[in-house]
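Numbering (full-length UniProt numbering), first residue to last: 1 to 178. Structure, as structure tokens:
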């Protein structure tokens, strides 16, 4: 598994709204996948140059996040394993956005997870849990999580709201951790 780092926080454009954070992370994800296909080393600066135009296309609505259906279908094609550590032992379900924080019980919000990772995470925000472990989720998991965050924020009409206000209004995830 190829490792990649958290998106560059030194970019000069301030990220204020929920959409800013979700779209920047998704644009970075797109750029990372392209960089991997091209065989670029981890941390290659070209990713930033690829992420910025995608970010603005997402903000302007010229590009959209693809459907969660494709991700769900792809997850059915792989053998059962923990989406966090890869273990095949004592598998259970993990809610990407915990139910205690307002996440649903729908298939889009559930991934396969081992008991160890599930209990270690508890009801922490997924990205905060990964950051505390100094790890990064797989690209597949990150893609599913970002699409889910976008869906929740859009449904709650909080995409264009400043992050702090969105959280006061019940946003069930931490956008600054994306």
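Backbone N, C-alpha and C fix where the C-beta goes; we use that ideal spot for every residue, glycine too.
Enumerate in chain order the residues of its own chain whose CB-to-CB distance from residue i is below 7 Å, with the five nearest sequence positions on each side excluded.
i           : result
residue 177 : 125, 127, 128, 131
residue 162 : 16, 17
residue 123 : 98, 100, 101
residue 82  : 91, 112, 113, 114, 117
residue 89  : 114
From the DSSP output, read off the bridge partner residues of residue i.
i          : result
residue 17 : 162
residue 95 : 110
Could you check which residue in the options has the C-alpha nearest to that of residue i?
i           : options         : result
residue 30  : 66, 15, 112     : 66
residue 19  : 56, 136, 99, 86 : 56
residue 138 : 86, 22, 60      : 86
residue 134 : 84, 63, 105, 21 : 84
residue 26  : 59, 112, 103    : 59
residue 54  : 104, 24, 150    : 24
residue 22  : 168, 149, 171   : 149
residue 171 : 136, 104, 52    : 104
residue 151 : 106, 90, 37, 52 : 106
Taking the straight line between their C-alpha atoms, what separation do you get for residue i and residue j?
i           : j           : result
residue 50  : residue 28  : 8 Å
residue 166 : residue 158 : 6 Å
residue 95  : residue 119 : 12 Å
residue 175 : residue 116 : 25 Å
residue 92  : residue 32  : 29 Å
residue 35  : residue 47  : 7 Å
residue 80  : residue 40  : 30 Å
residue 173 : residue 109 : 12 Å
residue 156 : residue 114 : 31 Å
residue 14  : residue 112 : 35 Å
residue 142 : residue 136 : 9 Å
residue 164 : residue 61  : 24 Å
residue 187 : residue 37  : Residue 187 is absent from the model: the chain starts at 1 and stops at 178.
Leaving out the 5 sequence neighbours to the left and right, which residues in its chain are closer than 6 Å to residue i when beta-carbon positions are compared?
i           : result
residue 153 : 18, 159
residue 121 : 129
Under 8 Å Cβ to Cβ from residue i, same chain only, skipping five residues before and after it: list those, please.
i           : result
residue 146 : 22, 25, 26, 29, 65, 178
*With a floor of 4 residues, list each alpha helix (DSSP H) that falls wholly inside the stretch 108-167, ordered by position along the chain.*
Listed in chain order, they are 115-121, 126-132, 139-155.
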